[in-house]
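Data block below; observations after.
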Amino acid sequence: MDELKGRFPHQGSALLPALYLIQEEKGYISDEAMEYVAGKIDVSPAFVAGVVSFYTLFHRGPTGRHHIQVCRTLPCALRGCQDLIAHLERRLGIKVGGTTPDGRFSLATVECLGACDTAPMLQIGDRDHGPLDARAVDALLESLR
Numbered sequence: 010m011d012e013l014k015g016r017f018p019h020q021g022s023a024l025l026p027a028l029y030l031i032q033e034e035k036g037y038i039s040d041e042a043m044e045y046v047a048g049k050i051d052v053s054p055a056f057v058a059g060v061v062s063f064y065t066l067f068h069r070g071p072t073g074r075h076h077i078q079v080c081r082t083l084p085c086a087l088r089g090c091q092d093l094i095a096h097l098e099r100r101l102g103i104k105v106g107g108t109t110p111d112g113r114f115s116l117a118t119v120e121c122l123g124a125c126d127t128a129p130m131l132q133i134g135d136r137d138h139g140p141l142d143a144r145a146v147d148a149l150l151e152s153l154r
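Add 9 to a position in the sequence shown, counting from 1, and you land on the number used in our numbering.
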């Protein structure tokens, strides 16, 4: 953490990279990790928690190896994201917020992922996929098995 802070002119600028590194190592960002980072860059734990809850790329708990986040904002909703979500729930055998028993997939809905031109879309890890229909989702899931 100290090495990371040294790369930025202001301590607070290290927040996002620090959170990203923690998540890469642990798989998610715990309360303890947020408190640690807050102390290192001299901000409140509440501030760090606000940042973690704002960005969809950060997770507060364990996720599946392939974490699927389906965009549900207006452009995706108008183009059928609810059908996509229902299809994923059926195919994976889990509800939104769940993880498959083998730990391979987890499913979440999120606000805008900034890819409205490819609606309806989803993100797995840090890769966007869209526009999607049930057939494209099936092919995508098969490629990840």
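Even for Gly, the Cβ is constructed at its ideal location relative to N, Cα and C.
These figures come from a predicted structure and were not determined experimentally.
Name the one or two DSSP bridge partners that residue i has.
i: Arg136; result: Ile133
i: Val79; result: Thr118, Leu131
i: Thr108; result: Ser115
Would DSSP call residue i helix, strand or coil?
i: His96; result: helix
i: Leu141; result: coil
i: Asp126; result: helix
i: Gly48; result: helix
i: Phe63; result: helix
i: Pro18; result: coil
i: Ile31; result: helix
Under 6 angstroms Cβ to Cβ from residue i, same chain only, skipping five residues before and after it: list those, please.
i: Gly70; result: Tyr37
i: Glu120; result: Thr82
Give me the Cβ distance between residue i and residue j, rounded to the nearest whole Å; I'm assuming they're in contact under 8 angstroms.
i: Val145; j: Asp137; result: Reading the sequence as shown, one finds Ala at residue 145 and not Val. That pair is no contact at about 13 angstroms.
i: Ser115; j: Gly107; result: 7 angstroms
Kindly list the residues whose CB is nearer than 7 angstroms to the CB of residue i, restricted to its own chain and excluding five residues on each side of it in sequence; keep chain order.
i: Arg113; result: Gly73, Arg74, His75
i: Met43; result: Pro54, Val57, Ala58, Val61
i: Lys104; result: Glu98
Can you find the residues in the same chain that come closer than 8 angstroms, C-beta to C-beta, to residue i, ignoring five residues on each side of it along the sequence?
i: Ala47; result: Ser53, Pro54, Phe56, Val57
i: Ala143; result: Asp92, Leu93, His96
- Task: Count the CB pairs spanning the segment 85-99 and the segment 47-65 that are closer than 8 angstroms, and state whether there are at least three.
- Result: no
- Are there three or more Cβ pairs, one per stretch, closer than 8 angstroms when the segment 79-90 is compared with the segment 118-129? Touching, yes, given that three or more Cβ pairs across the two stretches are closer than 8 angstroms.
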